[in-house]
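Residue numbers (my numbering), protein chains in the order written: chain F, 3 to 330; chain C, 3 to 330. Every residue, glycine too, gets a C-beta built ideally from N, C-alpha and C. Remember, predicted model here, so these are calculated numbers, not experimental data. Everything on this sheet refers to the single structure shown next.
2 protein chains.
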Amino acid sequence: MANIQEVAKEAGVSVATVSRVMNGGAVTPKTKGKVEEVIRRLKYEPSMLGRNLRNSESRLLLVLIPTISNPYYSDIINGIENAVIPQGYNILLCETDSNPERENIYFDMVRKKMADGIISMDPTVNMEELKILAEDHPIIQCSEYSVESGIPFVTIDNEEAAYRAVSHLVNIGSTDIAMINSDVTFLYARQRQLGYQRALEENGIPFDEEDVYYTNGPSFEHGQQAMRKMLTGHKEYSAVFAVSDLLAIGALKEAHQLGLRVPEDIAIAGFDKIAFSNMTNPALTTIAQPMYDMGTTSAQMLIDKINGRPVESTMMSHELIIRESTIG
Amino acid sequence: MANIQEVAKEAGVSVATVSRVMNGGAVTPKTKGKVEEVIRRLKYEPSMLGRNLRNSESRLLLVLIPTISNPYYSDIINGIENAVIPQGYNILLCETDSNPERENIYFDMVRKKMADGIISMDPTVNMEELKILAEDHPIIQCSEYSVESGIPFVTIDNEEAAYRAVSHLVNIGSTDIAMINSDVTFLYARQRQLGYQRALEENGIPFDEEDVYYTNGPSFEHGQQAMRKMLTGHKEYSAVFAVSDLLAIGALKEAHQLGLRVPEDIAIAGFDKIAFSNMTNPALTTIAQPMYDMGTTSAQMLIDKINGRPVESTMMSHELIIRESTIG
DNA sequence: TCCTGTTTTGTAATCGATTACATTTCCAAT
DNA sequence: ATTGGAAATGTAATCGATTACAAAACAGGA
Numbered sequence: 003m004a005n006i007q008e009v010a011k012e013a014g015v016s017v018a019t020v021s022r023v024m025n026g027g028a029v030t031p032k033t034k035g036k037v038e039e040v041i042r043r044l045k046y047e048p049s050m051l052g053r054n055l056r057n058s059e060s061r062l063l064l065v066l067i068p069t070i071s072n073p074y075y076s077d078i079i080n081g082i083e084n085a086v087i088p089q090g091y092n093i094l095l096c097e098t099d100s101n102p103e104r105e106n107i108y109f110d111m112v113r114k115k116m117a118d119g120i121i122s123m124d125p126t127v128n129m130e131e132l133k134i135l136a137e138d139h140p141i142i143q144c145s146e147y148s149v150e151s152g153i154p155f156v157t158i159d160n161e162e163a164a165y166r167a168v169s170h171l172v173n174i175g176s177t178d179i180a181m182i183n184s185d186v187t188f189l190y191a192r193q194r195q196l197g198y199q200r201a202l203e204e205n206g207i208p209f210d211e212e213d214v215y216y217t218n219g220p221s222f223e224h225g226q227q228a229m230r231k232m233l234t235g236h237k238e239y240s241a242v243f244a245v246s247d248l249l250a251i252g253a254l255k256e257a258h259q260l261g262l263r264v265p266e267d268i269a270i271a272g273f274d275k276i277a278f279s280n281m282t283n284p285a286l287t288t289i290a291q292p293m294y295d296m297g298t299t300s301a302q303m304l305i306d307k308i309n310g311r312p313v314e315s316t317m318m319s320h321e322l323i324i325r326e327s328t329i330g
Numbered sequence: 003m004a005n006i007q008e009v010a011k012e013a014g015v016s017v018a019t020v021s022r023v024m025n026g027g028a029v030t031p032k033t034k035g036k037v038e039e040v041i042r043r044l045k046y047e048p049s050m051l052g053r054n055l056r057n058s059e060s061r062l063l064l065v066l067i068p069t070i071s072n073p074y075y076s077d078i079i080n081g082i083e084n085a086v087i088p089q090g091y092n093i094l095l096c097e098t099d100s101n102p103e104r105e106n107i108y109f110d111m112v113r114k115k116m117a118d119g120i121i122s123m124d125p126t127v128n129m130e131e132l133k134i135l136a137e138d139h140p141i142i143q144c145s146e147y148s149v150e151s152g153i154p155f156v157t158i159d160n161e162e163a164a165y166r167a168v169s170h171l172v173n174i175g176s177t178d179i180a181m182i183n184s185d186v187t188f189l190y191a192r193q194r195q196l197g198y199q200r201a202l203e204e205n206g207i208p209f210d211e212e213d214v215y216y217t218n219g220p221s222f223e224h225g226q227q228a229m230r231k232m233l234t235g236h237k238e239y240s241a242v243f244a245v246s247d248l249l250a251i252g253a254l255k256e257a258h259q260l261g262l263r264v265p266e267d268i269a270i271a272g273f274d275k276i277a278f279s280n281m282t283n284p285a286l287t288t289i290a291q292p293m294y295d296m297g298t299t300s301a302q303m304l305i306d307k308i309n310g311r312p313v314e315s316t317m318m319s320h321e322l323i324i325r326e327s328t329i330g
C-alpha cells in the first residue's frame, strides 16, 4: 500500500536511496538496514506501473492462439512460460477465436505498450495486419507461418513429416490411403498434403484428389464428419492419414461407430502427438513435434528481438510415433 | 511511436485537449477535427502505461490454474474472457504447476499493481497466502474453494452431483460400485466421496473404504493406475464412479487394455463433462458443470469486487449426462 | 589542518498519460 | 459597447518509479 515516497520519508532518506536499496545500488550497510526495516514494516511493494512507465516496457508477452481448448498448444505454451519467466517476463494467453475483433484488441495492447511483443500461433491471423505491426514491434511466428511476411518463425518440416507418416502406412501394406485435411488456406495443410502426395507417388500409388477429404474446421466433430463421408462413399480405404490428432480421433470414433475395427479394418494416423492421442483406444500413431522446444525457442527468439539482437528462423526436427492404430 | 506531447505540439493545442479528444471531453468540432487529423498522421496510440499509472489500475486479471493441459479449465476460461473483455479487462492465464514459487510470482504481480485481481481455480493453492492477499486485494475462488478463507466463491453442489451419478449407477443395476478418487486434501474430492457414500447407503449398499481407489494426481495416467489396481485386486466391480473425466478416461482405457467391455462388463461414470468425454469410445457418462457460466459469474464477481461493490458466493446447478459408458 | 579523490546521498527531471483548476474565448442579453 | 455566464482551452500537479547530475560526507596523505 505504501509507495516509495512514504518509505523514504519514514526512513529519513531520499527516494533515490530507497530505489537503490531495492535495485542494488551503492548504499552504506547502515542506511540499507534502516531502509529495509521500514520496507518490511510498511510492507512496501514497488509498483510495476511506475517502473514500467519509466522504462517504457511492460515485460508482458502476448501468445496468440485460436482457441485454448485445442490441446495442441499446451506443451508449446509450457515451453514458452518456462523460457520467459526466469527472464522476468510473463505471457498473456490470447484466444482470438479466429475473430478479427478479438485479434485487434491484442494488437492494440502491443501498440499501446501494454505488451512488449507477440508470439503468433494462430493460423487464422490476419497476416496483412501482423506484417504491418511487425514493422514497429517484435513478433515471432510459431508453428504456422508465412515466409513472405518476413517475420521470423519456428516450425518443423511438415512436408517431410507427412511423407514419413504416409510411407509408414504404405509399409504396413496399405495401398488405398485416404487423407483427412483441413482448409488448404493454411500452409501446414498444403505442406502436409504435398508430403502425402509424394509418399504415394514414390511408392507407385497414383495420387487422386478425390481421396482427400477436406473439413470445415480443426475439431473432433470435423474429423467425425470427414470419416462418415469417407466410409459412406463408393471407395474403400485401408488407411487414413489425418492432418491432425484431433481430426484423427474424430475419425477413429466414427470408424468405431460404423462398426469398423482399427487398425484391422482401417489404420489411422494423426499428427501432433497431443496428450490425448495416447488415451484413445487404440492409441494413435502420430507425428511428434518438439512442442516444448518450439515454445522455448520462439520465446527466446522473441526476447532476443525485443532486445535488438539478431534473430533467425528455425526449422526443428520431428519424429514418427508408431502406436496401436496402425499395427495389429 | 508518437506521444501525447508531440501530437499536442503538432496540432497547436495543449495535451489536455488531445486527451479530451481521445476520451470524449468537451472540444469544438473544429479543434477535434484538427487533432484527429494529427493523431492519424502521426499514428498516435495512447500508452496504457501512462494511463494506468495515473489511474493506478492495470485492467489485467489473473486466472490461477494448476496446468493449462487439463481441459477442465478451458470452458471456464472462455466464460471469463467473454465476460471481462467487453468491460475493458484482459486476463493473464497463470499456470502454477502447483509450484509455490510460480504462485508467488503471480501473487507478486498483484502486490506490485501489475494486475487488479485474481480468480483462483487452483486446488493446490496456498490458502494461507491467498487469505492474506485477499485482505488487500480482490480475489474470487472458482470451482475449488475454502469457506473458512472468507473469500467469495463460485461452485456447484459436489456432494449432490456425485450422489446423482452414483444413484444412476445403482439404477442401472450395479451393486458393486467402486470409486476412483483423487487426493482428499481437496474439498471437491471429499464432497464427491460423501455423495458416493450417501448414494450407496440410501440404497442399502454398505460403504466400504476399501472400494475407494485413491490416486496420486488428477491425470489420465493416474486413472489408468487406479483401474489397474482395482481390476487386479480380489474384488469384482460392475461399475466405477471416477471423480473426474480425465481419471475416468484413464480407467476406460485400462479396462479395454485388460480385455473388459464397457459398459457390458463394467460401467464407468466421470465428472466434469470435458470436451474429450464425448470423444472416447464409448462416450462417457458424466456430470456437467456449467463451466462457461461459472466463468462469467466469477469474472463478474471479481470486477464487482474491484469496484467496491458487494459480492456474494454462488452455488450453481449441475446436470447428469447419461451416455454410452453406463448403458448398453 | 587542509586538500583531494572516492563513496554515499540528495535533488530534480523524466516516462506518458489524466484532471482539477485557471484562464481565455465566445455568444447572447442588456 | 459592455457584461455575464457558459463553453473551450491551457497550465501544471499527479500517479510511482528510475537515474543523471549535484552535493555532501568521508577517508587518507601532505
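Cβ of residue 34 of chain F within 8 Å of any chain C Cβ: no
Three-state class that DSSP yields for residue 202 of chain C in the structure shown: helix
CB contact check: residue 52 of chain F to chain C, cutoff 8 Å: yes
CB contact below 8 Å: residue 130 of chain C versus chain F: no
Cutoff 7 Å; reference residue 231 of chain C; Cβ partners in own chain excluding five residues on either side: 215
Cβ neighbours of residue 104 of chain F in the same chain (closer than 6 Å, five flanking residues each side left out): So the qualifying residues of the chain are 98.
Neighbour flag for residue 95 of chain F against chain C, beta carbons, 8 Å: yes
CB contact flag (residue 194 of chain F, residue 164 of chain F, <8 Å): yes
Segment contact, 8 Å Cβ cut-off, at least three pairs: the segment 118-128 of chain C with the segment 164-179 of chain C: Touching, no.
For residue 89 of chain F, three-class secondary structure by DSSP: helix
Residue 225 of chain F vs residue 252 of chain F beta-carbon contact at 8 Å: yes
Residue environment, residue 220 of chain F, which counts as buried when at least 16 other CB atoms sit within 10 Å: buried
Chain F contact residues for residue 8 of chain C, given Cβ-Cβ distances below 7 Å: Taking a Cβ-Cβ cut-off of 7 Å, residue 8 of chain C has no neighbours in chain F, whose nearest Cβ is about 15 Å from it.
Bounding residues of the beta strand (DSSP E) (the contiguous stretch that carries residue 215 of chain C): 214-216
Where residue 55 of chain F meets chain C, residues with beta-carbon distance less than 7 Å: 51, 52, 55
Same chain, Cβ closer than 7 Å to residue 33 of chain F, five either side skipped, listed in chain order: 15, 19
Simplified DSSP state of residue 291 of chain C, which is helix, strand or coil: coil
The alpha helix (DSSP H) enclosing residue 10 of chain F, as first and last residue numbers: 6-13
Chain-order list of residues whose beta-carbon lies under 7 Å from that of residue 282 of chain C (same chain, five-residue window excluded): 251, 254
Close beta carbons around residue 66 of chain F, own chain, < 8 Å, minus the five adjacent residues each side: Correct list, in chain order: 96, 98, 105, 108, 120, 121, 122, 123, 124, 127.
Cα-Cα separation, residue 280 of chain C to residue 248 of chain C: 12 Å
Proximal residues of chain C, C-beta to C-beta of residue 307 of chain F below 9 Å: What residue 307 of chain F touches in chain C: nothing, since even the nearest Cβ is about 17 Å away.
Start and end residues, alpha helix (DSSP H) containing residue 339 of chain F: Examination of residue 339 of chain F is not possible in this model, given that chain F is present from 3 through 330 alone.
Near-chain F residues of the segment 255-280 of chain C - C-beta to any C-beta below 7 Å: 255, 258, 277, 278
Same chain, Cβ closer than 6 Å to residue 228 of chain F, five either side skipped, listed in chain order: 182, 215, 217
Rounded C-alpha distance that separates residue 210 of chain F from residue 303 of chain F: 40 Å
Proximity below 8 Å, CB of residue 318 of chain C to CB of residue 295 of chain C: yes
Interface flag, residue 137 of chain F vs chain C, CB-CB below 8 Å: no
Cβ-Cβ distance between residue 63 of chain C and residue 118 of chain C below 8 Å: For residue 63 of chain C and residue 118 of chain C, yes; Cβs fall inside 8 Å.
Reduced DSSP secondary structure (H/G/I, E/B, other) of residue 159 of chain C: coil
Residues near residue 100 of chain F in its chain [Cβ-Cβ closer than 6 Å; skip 5 each side]: 68, 126
Which of helix, strand or coil DSSP assigns to residue 326 of chain F: Here residue 326 of chain F sits in helix by DSSP.
Secondary structure of residue 243 of chain F, DSSP reduced to three states: strand
Identity of the residue in C:293, C:265, C:176, C:148 nearest residue 320 of chain C by Cα: C:293
Three CB pairs or more closer than 8 Å across the segment 301-315 of chain C and the segment 267-279 of chain C: no
Rounded separation between residue 149 of chain C and residue 308 of chain C - CA only: Cα-Cα distance, rounded: 20 Å.
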